[in-house]
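First the structure, in the form of structure tokens, and then the observations on it.
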Amino acid sequence: MRIAVVGGGLGGVAAAVGLHRAGHEVTLLERGAELREAGTGIVIMPNGLRALDALGLAGGVREQGVHALRAGLRDRRGRPLLVTEAAGAQQEVGSVAIVERAELHRAIRAPLPAGLVRTATPVERLDVGPGRVTVVSGGRPVLEADAVIAADGIGSRLRAQLFPAHPGVRRTGRLDLRGMLPRPAGVGPELLACQLLDRRTGAMFGLFPVGEDRLYWFTDSVLRGAPPSPEQGRREMLSLMADWHPLVPELIEATPPGDVHVDAIGRLARPLPSFVAGRVALLGDAAHAMPPDLGQGASQAFEDAAAVTRHLTGAGPADVARRLLRYDAERRPAANRIMLAASRQSRLTSQTGVTAWLRDALLRAVPSRLATRRLAALWHV
Ligand SMILES: Cc1cc2nc3c(=O)[nH]c(=O)nc-3n(C[C@H](O)[C@H](O)[C@H](O)COP(=O)(O)OP(=O)(O)OC[C@H]3O[C@@H](n4cnc5c(N)ncnc54)[C@H](O)[C@@H]3O)c2cc1C
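And the structure:
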């Protein structure tokens, strides 16, 4: 079967590899001049690793699993609010990998023959006819396919075309900065893999180890006006977090502005009525863009890729629409549940004032064992 995958991000590439290995004639169309993933670190949760296993792609990623970490939430000075034993949670539900995005993308796309990839091809629309789909780019048809996987990210044009009544993406009013740098000496294990919360401003700073010698950090704070440049955003965070645990300003300061990534966070205004329209299926952020607070966006995209591969294995042009409905039935309820949970988590960590004070008091009262069980439950999605 001829399958066009639109979008060469983590989700699109994983789906293209899966469908190619399942014996389909795949073409991956990417608007960028090359296939790449920019950015810093990324957390892949146990469910994401299991999906990569199913696609035969977990190998090198799993090796970077993080073990025996004390994860959890702390106040802005680094004092514990909720400490979880991530090692315990991992024993229950499998390991977590924290990897560099560019390396992850390289590892996932490696099995894809170069001849299947068309870069510099921004897809404008799909002309859906009886029995086939025509992909249009640059005002002309560029490909005919029996099915299309739309993995064109949070700002998906194809989602807007297929579901014109859906309101699309909304900004959450939060600003995220991310950076990665060599791990400075003296970062104690208690501060690796944790998030620090400031109940005065609702801001958050998180950090995770990447391999043995690097650190990935991220901030979340109120977005005021237009998203700042990396340089300006870095200055704003230094001023906002000046009196936090000394490691926080130290890490932000030590990251060159060129290595800082800025995102105005968005999410789908509401869940989609379907991930599928006839021979076209949405996948990844195109289907369920969510705030990054649960670290699940890419893991959900990998689950989509594994599911669409499984449902289309052995499928032909005559039964593809029916098979895609099974993909929708499997993935939409699960991914939508995570999308809503990510929004709730974002609200929880960004509280200020009395509500945040109450939250912190409650978090301090939760025993570590219970917190670990909750973490395990969250990962076991
Ligand atoms: C600050 C932040 C931190 C995050 N941290 C994590 C984390 O720790 N763990 C996690 O799992 N997730 C995390 N996420 C979410 C994760 O990055 C995304 O969910 C994931 O990358 C989505 O992959 P995708 O392939 O669906 O979309 P994308 O990666 O956005 O890929 C879409 C691709 O489609 C291409 N494209 C777009 N339009 C067209 C078109 N018309 N024609 C052709 N090509 C097109 C784009 O160029 C791009 O290559 C985070 C997100 C943010 C913002």
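Going by the numbering used here, the residue at position 284 of the sequence shown is 284; the numbering climbs one at a time, nothing skipped.
Beta carbons are placed, not taken as given, at the ideal position from N, Cα and C, and that holds for glycine.
In this text, all values refer to a predicted model and were calculated from it rather than measured experimentally.
Close Cβ partners of residue i (< 6 Å) along its chain, the five nearest in sequence each way excluded
i           : result
residue 13  : 108, 109
residue 216 : 40, 41, 180, 208, 210
residue 142 : 135
residue 251 : 217
residue 57  : 108
Cβ shell of residue i (< 7 Å), same chain only, five flanking positions each side left out
i           : result
residue 352 : 199, 200, 201, 202
residue 263 : 176
residue 122 : 31, 137
residue 288 : 268, 300, 335, 336, 339
residue 154 : 169, 266, 285, 289
DSSP state of residue i mapped onto helix, strand, coil
i           : result
residue 217 : strand
residue 179 : strand
residue 281 : strand
residue 296 : coil
residue 362 : helix
residue 45  : coil
residue 349 : helix
residue 115 : helix
residue 124 : strand
residue 89  : helix
residue 187 : coil
Limits of the alpha helix (DSSP H) - the one that residue i falls within
i           : result
residue 254 : 247–254
residue 203 : Looking at the DSSP string, residue 203 is not in any alpha helix (DSSP H); the run it does join, the beta strand (DSSP E), is 203–210.
residue 234 : 230–240
residue 97  : No alpha helix (DSSP H) holds residue 97; the beta strand (DSSP E) holding it covers 96–100.
residue 32  : Looking at the DSSP string, residue 32 is not in any alpha helix (DSSP H), and its letter there is neither H nor E.
Residues sharing a beta bridge with residue i, DSSP
i           : result
residue 268 : 169
residue 129 : 132
residue 27  : 4
8 Å Cβ shell around residue i - same chain, five flanking residues per side excluded
i           : result
residue 161 : 125, 126
residue 25  : 1, 2, 3
Within 8 Å, strictly: CB atoms of residue i and residue j
i           : j           : result
residue 19  : residue 372 : no
residue 117 : residue 279 : no
residue 23  : residue 196 : no
residue 169 : residue 104 : no
residue 297 : residue 285 : yes
residue 267 : residue 119 : no
residue 324 : residue 276 : yes
residue 34  : residue 10  : no
residue 405 : residue 97  : The chain is shown only over 1 to 381; residue 405 falls outside these bounds and no answer can be derived.
residue 342 : residue 293 : yes
CB contact check: residue i to chain D, cutoff 8 Å
i           : result
residue 353 : Absent from the structure is chain D; it holds one protein chain and no more.
Run of the beta strand (DSSP E) containing residue i, from where it starts to where it stops
i           : result
residue 403 : Limits of the chain in this structure are 1 at one end and 381 at the other, which puts residue 403 out of reach.
residue 84  : 80–85
residue 197 : 194–198
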